[in-house]
Amino acid sequence: MSTLLFSALRDRQNAKLEKGLDAGVLSGDVTMSRFFPAARNGTRSARFAALVLLAALPAASAAAAANPAPDSKLAPQAPPASESMAVSVIKAKNACFLDALQLSGLIVPREEVLVRPEWEGLLVTALLAEDGASVNAGQPLAQLARPDWLPGTPAKATLTSPAKGTLLYRQLAVGMPASARGEPLFRIVRDGELELLVGLPRDALPKIKPEQTVRIEMLDSSQTAGTVRIILPEIDPMTQIGHARIQIRGATSARPGAFATASIDLGQSCGASVPLSAVLYGPQGAIVQVVRDNKIETRRVNVGLFQGLDAQITDGLAAGDVVVVRAGSFLREGDLVRPMP
């Protein structure tokens, strides 16, 4: 339909053009000479050029109508950016945390008995006890004999245990001389009692008291109970570490020289609790991001104890405050957010 209409308009325009060219003027009292000076000559070529140009005008007008210039008011606009970000939140709750001190140390004899001969220069002729054996006071440990070239000493002697306990190790072999001034020939753990010697940070010393109950875990993951026996008075001046001796109770797999850990319960501490992920650490300390009136509010807090995946907040936050579950640098003070439980 549009093609037929365009053809009719073009034929009508061409007819007017022919009349105008013959008359020397265009319709509307506009002279041909104003637009086509060559038409004054009345030549056929000039008339033909003018005819072609004017015939193209309706097509240009139709194309312009079909493709109007873009209008800034009508141009499609990009969708507006979201004014708020959805964040997961949770309310801080009251919780009680177990205050426990974790320590580590070495298993050592409570009391070690050193065994040496009374005479110098005797030779070992027989060994009567093995390492790790339980011995009684007065039990023979080794046979000694005087060499022929050493007068003034007994011809034979027996080295005995001075106390009941466990033979830790022996430092001799048959045929070697038994010295009264060198390394001890035997080491005995009196009564077989072992202790855990632990290091204590200086700030933990006031929290430890004798007779406190201790949970001890060995390297093989076996556990037993213990008791704080004594807190040594000296602190290492270089490391600022003190020491305590923890008595090991009951039959265990403890071996002298092995590592073990100890846990001492110091009581409970209650207060506001948030997930660990809600606490963000920076140069100025720990912060949490609180949501109030759909806006981010940054709070500096003091972190206390930890239990599982939760952290205790001792200052700066109250139970019931709404905090961002996963704090991060992508949120800033005053940001508008949509809290999502």
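Numbers 122 to 462, taken from the numbering used here, label the letters of the sequence shown in order. We put the beta carbon where it would ideally sit given N, CA and C, even for glycine.
In the DSSP assignment, P305 falls outside any beta strand (DSSP E), carrying neither H nor E. Contact annotation: V445 and I434 have beta-carbon atoms that are not nearer than 9 Å.
Shown here, R336 sits in a strand according to DSSP, grouped into three states.
Secondary-structure assignment with DSSP links E418 through a beta bridge to V411.
Selection A299, C217 and L235 evaluated against T246 yields A299 as nearest (Cα-Cα). V411 places its beta carbon less than 9 Å from that of D442. Nearest to G320 by C-alpha distance, out of R447, A365 and G392, is A365.
Unbroken beta strand (DSSP E) runs of no fewer than 3 residues, entirely contained in the stretch 239-269, are found at 243-248 and 261-266, following chain order. Listed as beta-bridge partners of S394 by DSSP are K214 and Q433.
Sequence-distant Cβ neighbours of S343 in its own chain, meaning closer than 7 Å and more than five residues away, are T373 and S374.
Listed as beta-bridge partners of L293 by DSSP are no residues whatsoever. One alpha carbon belongs to A407, the other to K285, and they sit about 56 Å apart. DSSP places P327 within a helical segment (H, G or I) once states are collapsed to three. DSSP lists R308 as the bridge partner or partners of L235. According to the DSSP assignment, V446 belongs to no beta strand (DSSP E), since it is labelled neither H nor E. With a cutoff of 9 Å on beta-carbon distance, A221 and C391 are scored as not near each other.
Secondary structure of A399 (DSSP, three-state): helix.
Put simply, the backbone Cα of T345 is about 12 Å away from that of I367.
If you draw a straight line from the Cα of A381 to the Cα of L340, it comes to about 6 Å.
Contact check for A213 and L438: beta-carbon distance about 6 Å, within the 8 Å limit, so the pair qualifies.
When C-beta atoms of the stretch 445-462 are compared with those of the stretch 412-420, three or more pairs fall below 8 Å, so the two segments count as touching.
Residue environment for V236: buried (at least 16 other C-beta atoms within 10 angstroms of its C-beta).
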